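Report on the structure given below.
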Amino acid sequence: MKREEIVEKTTEIFRTVFENENMILSDDMTPDMVDNWASLTHMQMATALQEEFGVKFTIKDQLKLMRVGDIIALLEEKLA
Amino acid sequence: MVSFNNQVLTPFIEATRNWGSERNAFCINKHYYSYEELGKNISKIRVAINNANPQNNKVGLVINDDLETYASIFALWLEGDCYVPLHPNWPLERCKDICEQVDVDLVLDSSTKSRYEGLNVLQTNKLVFERYCLNPKEDVSEEELAYILFTSGSTGKPKGVQLSRKNVAAFMDSFWKTGIVITEEDRCLQCFDLTFDVSVQSYLVALTKGACCYTIPYGMIKYIYASSLIEEEKITFGAMAPSMLRYLKPYFDEFDVSSLRNCILTAEACPVDLMEDWYQYATNTEIYDFYGPTECTIYCTYYKLTKGGKNKQLNGIISIGKPLANCVGLILDEHGNELPIGEKGELCIAGDQVTKGYWNNPEKNEISFFFKEVDGVQMRFYHTGDLCYKDEDGDIMYSGRLDHQAKIQGFRVEMGEIEYHAREFLGDTNVVCLAFDKKDGLTEIAMFIEKNQFDPSSLLAYMKTKMPSYMIPSKIIYVPVFQLNSNDKIDKNILRSLID
Numbered sequence: 192m193k194r195e196e197i198v199e200k201t202t203e204i205f206r207t208v209f210e211n212e213n214m215i216l217s218d219d220m221t222p223d224m225v226d227n228w229a230s231l232t233h234m235q236m237a238t239a240l241q242e243e244f245g246v247k248f249t250i251k252d253q254l255k256l257m258r259v260g261d262i263i264a265l266l267e268e269k270l271a
Numbered sequence: 026m027v028s029f030n031n032q033v034l035t036p037f038i039e040a041t042r043n044w045g046s047e048r049n050a051f052c053i054n055k056h057y058y059s060y061e062e063l064g065k066n067i068s069k070i071r072v073a074i075n076n077a078n079p080q081n082n083k084v085g086l087v088i089n090d091d092l093e094t095y096a097s098i099f100a101l102w103l104e105g106d107c108y109v110p111l112h113p114n115w116p117l118e119r120c121k122d123i124c125e126q127v128d129v130d131l132v133l134d135s136s137t138k139s140r141y142e143g144l145n146v147l148q149t150n151k152l153v154f155e156r157y158c159l160n161p162k163e164d165v166s167e168e169e170l171a172y173i174l175f176t177s178g179s180t181g182k183p184k185g186v187q188l189s190r191k192n193v194a195a196f197m198d199s200f201w202k203t204g205i206v207i208t209e210e211d212r213c214l215q216c217f218d219l220t221f222d223v224s225v226q227s228y229l230v231a232l233t234k235g236a237c238c239y240t241i242p243y244g245m246i247k248y249i250y251a252s253s254l255i256e257e258e259k260i261t262f263g264a265m266a267p268s269m270l271r272y273l274k275p276y277f278d279e280f281d282v283s284s285l286r287n288c289i290l291t292a293e294a295c296p297v298d299l300m301e302d303w304y305q306y307a308t309n310t311e312i313y314d315f316y317g318p319t320e321c322t323i324y325c326t327y328y329k330l331t332k333g334g335k336n337k338q339l340n341g342i343i344s345i346g347k348p349l350a351n352c353v354g355l356i357l358d359e360h361g362n363e364l365p366i367g368e369k370g371e372l373c374i375a376g377d378q379v380t381k382g383y384w385n386n387p388e389k390n391e392i393s394f395f396f397k398e399v400d401g402v403q404m405r406f407y408h409t410g411d412l413c414y415k416d417e418d419g420d421i422m423y424s425g426r427l428d429h430q431a432k433i434q435g436f437r438v439e440m441g442e443i444e445y446h447a448r449e450f451l452g453d454t455n456v457v458c459l460a461f462d463k464k465d466g467l468t469e470i471a472m473f474i475e476k477n478q479f480d481p482s483s484l485l486a487y488m489k490t491k492m493p494s495y496m497i498p499s500k501i502i503y504v505p506v507f508q509l510n511s512n513d514k515i516d517k518n519i520l521r522s523l524i525d
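Each protein sequence line maps, in turn, to chains A and B. With the numbering used here, you'll find the first sequence wraps up at 271, consecutive numbering, no jumps. With the numbering used here, you'll find the second sequence wraps up at 525, consecutive numbering, no jumps.
If you want it as structure tokens, here you go:
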């Protein structure tokens with residue numbers, strides 16, 4: 192899957208989970224920059240990404256889900 | 026005799042002197058700080074507090090996740106002062122309201138840029154160490170406050186719970202009498218905000234024994250960061266909320282918890298099924314369920330779970346056990362009479378851990394506390410609002426809340442406060458908030474608005490300026506007309522049925 196497609200689908204998931212339909216993702220976005228990015232929404236986001244891309248995140252993968260750029264890179268790696 | 030000095034300050038100073046640069050007091054954001062560094066930080070902050078000479082000994086403390094913030098707590102305590110936590114991520118208006126309520130005239134702040142313009146701010150990150158200053162001030166009364174924690178209040182204003190040095194000393198004495206042992210070899214998890222009282226247990230238990238305290242930085246997802254700390258830093262002791270374990274449940278087999286010797290579950294009802302799963306992996310761990318409202322200083326009852334045995338439960342919730350050593354717990358009916366074994370009533374707590382009351386709030390104090398004679402002695406009790414009964418062994422079984430409060434992510438939330446702020450924005454509109462448990466066991470808030478559907482973004486934006494994020498409802502349900510029950514009150518059962 193191309194990076195643009197991963198970014199597009201991830202953006203949709205972020206917009207739904209964090210209830211912000213205008214959200215534009217940037218690589219350096221972290222939980223403290225996004226309203227309501229906390230344990231519950233993080234789990235919802237991780238679940239939605241796993242379902243959308245058909246991948247499985249381990250707990251160690253989840254440590255990399257703390258920055259949008261790292262999330263995209265992890266998805267690229269898992270989908271390669 | 027139990028005192029704040031012999032339970033808190035003296036053991037802490039001894040740990041600082043004994044371990045100096047040899048042992049770490051903190052691991053904060055992957056950086057280790059020795060007891061020597063902590064002692065130096067405390068000393069320089071204490072000198073600066075003296076120079077600032079606040080007229081009010083209740084001092085605002087911006088609770089960043091850094092050494093200066095923890096050092097500030099001890100600097101204030103050594104000086105006989107009290108800290109009032111101000112969360113850096115809470116709306117400024119809420120924090121300023123807290124400062125006004127307590128009449129704070131000094132704020133300790135380690136932020137690069139302080140939000141507290143107009144107040145006397147001591148920037149603790151800019152101070153230079155000159156000399157040690159770790160001897161406690163003499164003749165500080167046990168009745169002096171150690172901290173004031175502001176919790177959700179139904180009138181729309183947060184209410185302050187005052188915890189004295191006597192309360193904290195009694196708590197520490199009670200805690201060690203549970204048989205939990207911590208030494209300088211321990212590595213202790215501190216995963217609670219300093220606005221939440223389990224944080225006090227988390228850092229005090231470590232620092233009064235010379236152990237190392239591992240914090241979770243802001244901006245991290247707690248359950249993920251905690252799991253990496255447990256495995257990589259070989260955490261041996263930690264208090265955590267069951268919801269954190271609930272998040273971790275799918276990953277129990279993916280991280281090593283063999284180092285964990287003692288694990289306290291607290292802040293929320295503790296589900297038996299989750300504990301049984303946790304025991305499969307936490308094989309070297311003693312698990313405890315600790316219960317306590319802030320008003321009774323962190324914990325007032327506890328239950329030690331049995332591995333592989335039958336743990337007492339009611340409706341899938343583990344027993345909250347028996348009162349701690351310095352607490353008396355009775356189950357009372359609505360007239361204040363003690364109920365027999367097996368009968369449900371309100372759990373009421375007395376003893377040296379019970380707060381002297383809410384800050385500047387005589388009406389609430391009148392309602393929340395009462396005197397009752399027990400074995401010929403007049404004791405002052407706190408109404409916990411929790412519906413419980415005692416079994417034949419004296420273990421207390423938790424059955425739910427009597428009132429309109431809920432625990433969200435471990436924080437106590439008054440539905441009335443959320444409704445107040447929503448109504449404030451919406452004007453003449455009925456709003457009802459209800460907490461609900463999802464299938465995964467997590468509690469969320471649904472807000473019902475008596476109106477046709479509209480775009481709630483400006484309402485939510487307004488509410489976010491008034492309350493912390495955990496108080497913002499996750500679900501909004503529009504109901505054109507609220508139906509009333511036979512008592513002419515809004516029928517909350519009908520509203521509850523609308524939550525999918």
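We treat Cβ as the ideally placed atom computed from N, Cα and C, and that holds for glycine. Here the structure is a predicted model, which is why all the values come from computation and not from measurement.
Item: Quick check on residue 472 of chain B: does DSSP put it in helix, strand or coil?; Value: strand
Item: Any beta-carbon of chain A closer than 8 Å to the one on residue 244 of chain B?; Value: yes
Item: Which same chain residues end up closer than 6 Å to residue 128 of chain B when comparing Cβ atoms and leaving out the 5 residues on each side of it in sequence?; Value: 81
Item: Candidates B:293, B:373 and B:342: which alpha carbon is nearest residue 321 of chain B's?; Value: B:373
Item: Give the range of the alpha helix (DSSP H) segment to which residue 327 of chain B is assigned.; Value: Where residue 327 of chain B is concerned, there is no enclosing alpha helix (DSSP H), although the beta strand (DSSP E) it sits in stretches over 326-329.
Item: Taking Cβ positions only, does residue 217 of chain A come closer than 8 Å to chain B?; Value: no
Item: Could you tell me which of B:368, B:361, B:419 and B:424 sits nearest to residue 393 of chain B, measuring between CA atoms?; Value: B:361
Item: Pick helix, strand or coil for residue 321 of chain B, following the three-state DSSP scheme.; Value: helix
Item: Per the DSSP calculation, residue 187 of chain B is bridged to which residue(s)?; Value: B:173 and B:382
Item: Cβ atoms of residue 315 of chain B and residue 289 of chain B: under 8 Å apart, would you say?; Value: yes
Item: Check residue 411 of chain B in the structure and name its three-state DSSP category.; Value: strand
Item: Are the CB atoms of residue 228 of chain A and residue 209 of chain A nearer to each other than 8 Å?; Value: yes
Item: Which residues in chain A sit within 7 Å of residue 252 of chain B, going by Cβ to Cβ distance?; Value: 250
Item: Short of 7 Å Cβ to Cβ, which residues in the stretch 61-83 of chain B face chain A?; Value: none
Item: Thinking C-alpha only, which one of B:509, B:351, B:161 and B:385 is nearest residue 26 of chain B?; Value: B:351
Item: If you reduce the DSSP assignment to three classes, tell me which class residue 422 of chain B lands in.; Value: strand
Item: Using a beta-carbon distance cut-off of less than 7 Å, what residues from the stretch 274-302 of chain B approach chain A?; Value: 276, 279 and 280
Item: Taking only beta carbons into account, state which residues of the stretch 492-503 of chain B come closer than 9 Å to chain A, listed in chain order.; Value: 494, 495, 497 and 499
Item: Express the C-alpha separation of residue 239 of chain A and residue 505 of chain B in angstroms, rounding to a whole number.; Value: 32 Å
Item: Within 8 Å of any Cβ in chain B, is that where the Cβ of residue 220 of chain A sits?; Value: no
Item: Do three or more CB pairs link the stretch 202-218 of chain B to the stretch 467-485 of chain B at distances below 8 Å?; Value: no
Item: Taking the alpha carbon of residue 254 of chain B as the reference point, which residue from B:130, B:151 and B:239 has its own alpha carbon closest?; Value: B:239
Item: Please report the residue range of the beta strand (DSSP E) in which residue 251 of chain B lies.; Value: Counting along the chain, residue 251 of chain B falls outside any beta strand (DSSP E), though it belongs to the alpha helix (DSSP H) covering 247-257.
Item: Can you round the beta-carbon distance between residue 89 of chain B and residue 136 of chain B to whole angstroms, since I take them to be within the 8 Å contact cut?; Value: 6 Å
Item: Mind checking who residue 226 of chain B pairs with in its DSSP beta bridge?; Value: Paired residue(s): none; residue 226 of chain B is not in a bridge.
Item: Excluding the 5 residues flanking residue 257 of chain A on each side, which residues of the same chain have their C-beta closer than 7 Å to its C-beta?; Value: 221 and 222
Item: I think residue 313 of chain B touches residue 330 of chain B, with their Cβ atoms under 8 Å apart; what is that distance to the nearest whole Å?; Value: 7 Å
Item: Of the choices B:100, B:418 and B:110, whose alpha-carbon is the least far from that of residue 172 of chain B?; Value: B:110
Item: Using the beta-carbon count (16 or more within 10 Å), is residue 271 of chain A buried or exposed?; Value: exposed
Item: In its own chain, which residues sit with a C-beta less than 7 Å from the C-beta of residue 43 of chain B, not counting the 5 before and 5 after it?; Value: 235
Item: Look at the alpha carbon of residue 113 of chain B and the alpha carbon of residue 185 of chain B, and state the distance between them as a whole number of angstroms.; Value: 18 Å
Item: Measure the CB-CB distance between residue 50 of chain B and residue 213 of chain B and report whether it falls below 8 Å.; Value: no
Item: Can you grab the Cα-Cα spacing for the pair residue 123 of chain B / residue 220 of chain B, in whole Å?; Value: 12 Å
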